[in-house]
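Residue numbering for the sequence shown follows the working numbering, starting at 3 and increasing by one per position. This report concerns only the one structure given below.
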Amino acid sequence: MQIALAPMEGLVDNILRDVLTRVGGIDWCVTEFIRINDRLLTPAYFHKLAPELLTGARTAAGVPLRVQLLGSDPVCLAENAALACELGSQVIDLNFGCPAKTVNKSRGGAVLLKEPELLNEIVEHVRRAVPRHIPVTAKMRLGFDSPDGALVCATALAEGGAAHIVVHARTKTDGYKPPAHWEWIPRVQEVVKVPVFANGDIWSVEDWRRCREISGVEDIMLGRGLVSRPDLARQIAAARAGEEVIELSWAELQPMLEDFWVQVVEQLTPRQAPGRLKQWLAMLTRNYPEAVELFTALRRETDLDAVGHLLGVQRTEAA
3 MQIALAPMEG
13 LVDNILRDVL
23 TRVGGIDWCV
33 TEFIRINDRL
43 LTPAYFHKLA
53 PELLTGARTA
63 AGVPLRVQLL
73 GSDPVCLAEN
83 AALACELGSQ
93 VIDLNFGCPA
103 KTVNKSRGGA
113 VLLKEPELLN
123 EIVEHVRRAV
133 PRHIPVTAKM
143 RLGFDSPDGA
153 LVCATALAEG
163 GAAHIVVHAR
173 TKTDGYKPPA
183 HWEWIPRVQE
193 VVKVPVFANG
203 DIWSVEDWRR
213 CREISGVEDI
223 MLGRGLVSRP
233 DLARQIAAAR
243 AGEEVIELSW
253 AELQPMLEDF
263 WVQVVEQLTP
273 RQAPGRLKQW
283 LAMLTRNYPE
293 AVELFTALRR
303 ETDLDAVGHL
313 LGVQRTEAA
């Protein structure tokens, strides 16, 4: 079984990847999507969104990082994929699942599920452009507004050369509304010979067990469930191995929050930093009552020193 940390634009950046992968249980993670339009990006741009490329394409905990590209131009995607490999990416992932309206309007993400021929062409071009030993993978939804074309799209990706396919078991129009339709995963797996990962609505070990039973697949990708329960991958790995599942306590989580805050202050502007912390805290409130209390105290706070004081972190002069 492989457990992956999902790419979530505007949420799972290099800072949160660093903090979450230290907890354990995550086999690999993916960058936020890197938008490809009509030009070759600079190495500096890749390094901005994927600084792990400077450290062997791994997080500080040693978890491998994959670069994810989003776009609709097969040639330009291929050229940028080749550059990402030159910069150190060991896997290239392609995004055909983003539901954001702004992305879809500019012909990226889930809207491409309306064009299976283009999906195939994109994967083929990228596959030819990168070294043979580097896998090309893909992430898709069940469709744009209906799952009727899911099998055709998955087949197009696999035949184009995708080494595996992650299926977020919802359509674009479903957004993130429950439930995820795990019953479609075995149908996808039946028509492709490459591994299929199940993604969507896995918030707990119990959800994982139900997903495995319904989907019939072992490999999973965790998104919001892992962000809101940082040890979810570790819990699932323990359950899969028949070991005792020991949940991360709030006391154990606090140093992670502090470390996250220190990195946020170092890397973001004073205006951006408090919002990033509140964003993660808001998701943690799903599982930690203590997070509710802390979020309430921080909700309207924008002063960095005041935020740090509430977290128990004192800023250094350098920060």
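Just so you know, even glycine gets a beta-carbon here, dropped at the ideal spot from N, CA and C. The model shown is predicted, which means the values in this text are computed figures rather than measured ones.
Limits of the unbroken alpha helix (DSSP H) element including residue i
| i | result |
| --- | --- |
| TRP210 | 207 to 217 |
| ALA140 | Here ALA140 belongs to no alpha helix (DSSP H); instead the beta strand (DSSP E) covers 138 to 145. |
| PHE98 | Counting along the chain, PHE98 falls outside any alpha helix (DSSP H), though it belongs to the beta strand (DSSP E) covering 94 to 98. |
| VAL125 | 118 to 131 |
| LEU13 | It is not in any alpha helix (DSSP H) - LEU13 carries neither H nor E in the DSSP assignment. |
| GLY310 | 306 to 313 |
| PRO45 | 45 to 51 |
| GLU220 | Careful: GLU220 lies outside any alpha helix (DSSP H) and carries neither H nor E. |
| LEU64 | According to the sequence as given, residue 64 is Gly; it is not Leu. First-last for GLY64: undefined, no H or E at that position. |
| THR157 | 152 to 162 |
| ALA84 | 76 to 88 |
Residue i CB to nearest heavy atom of the ligand SAH below 7 Å
| i | result |
| --- | --- |
| SER148 | Inclusion of the ligand SAH in the displayed structure is not the case, the ligand content being empty and no account of it being possible. |
N- and C-terminal bounds of the beta strand (DSSP E) containing residue i
| i | result |
| --- | --- |
| VAL69 | 67 to 72 |
| CYS31 | 30 to 32 |
| VAL25 | It is not in any beta strand (DSSP E) - VAL25 carries neither H nor E in the DSSP assignment. |
| VAL198 | 198 to 201 |
| LEU7 | 5 to 7 |
Beta-carbon proximity check, residue i vs residue j, cutoff 8 Å
| i | j | result |
| --- | --- | --- |
| GLY27 | ARG288 | no |
| GLU161 | ASN122 | yes |
| LEU43 | LEU89 | no |
| ILE17 | VAL196 | no |
| ALA131 | VAL169 | no |
| CYS87 | ILE136 | yes |
| LEU228 | LEU22 | yes |
| ALA156 | VAL194 | yes |
| GLY218 | GLN191 | yes |
| PHE262 | LYS280 | no |
| ASN82 | ILE38 | yes |
| CYS213 | TRP186 | no |
Cα-Cα separation, residue i to residue j
| i | j | result |
| --- | --- | --- |
| PRO133 | GLU220 | 28 Å |
| THR57 | ASP95 | 19 Å |
| MET10 | MET285 | 13 Å |
| GLY111 | ASP209 | 26 Å |
| ASP305 | HIS311 | 10 Å |
| ARG19 | PRO257 | 15 Å |
| ASP176 | ARG189 | 19 Å |
| GLY99 | VAL32 | 14 Å |
| GLN70 | SER91 | 10 Å |
| ASP40 | ALA6 | 30 Å |
| GLU215 | ARG231 | 22 Å |
| GLY12 | LEU85 | 23 Å |
| ALA8 | LEU224 | 6 Å |
| PRO276 | GLU303 | 8 Å |
> Residue ranges of each alpha helix (DSSP H) run of no fewer than 4 residues wholly in the stretch 223 to 303, ordered along the chain?
Replying inline: Counting only runs of 4 or more, we get 226 to 230, 234 to 242, 252 to 269, 275 to 286 and 291 to 300.
>> With three or more C-beta pairs closer than 8 Å as the rule, is the stretch 108 to 117 touching the stretch 47 to 66?
In response: Too few Cβ pairs lie closer than 8 Å, so no.
> For the stretch 40 to 58 against the stretch 237 to 250, are there 3 or more C-beta pairs whose distance is under 8 Å?
Replying inline: Inter-segment contact for the stretch 40 to 58 and the stretch 237 to 250 is absent: fewer than three beta-carbon pairs are separated by less than 8 Å.
> Looking at C-beta atoms only, is the number of pairs between the stretch 204 to 216 and the stretch 137 to 146 that lie closer than 8 Å three or more?
Replying inline: As far as the Cβ criterion goes, the stretch 204 to 216 does not touch the stretch 137 to 146, which means the pair count is below three.
> Of all the alpha helix (DSSP H) runs that stay within the bounds of the stretch 164 to 194, which reach a length of 4 or more residues?
Replying inline: Counting only runs of 4 or more, we get 187 to 193.
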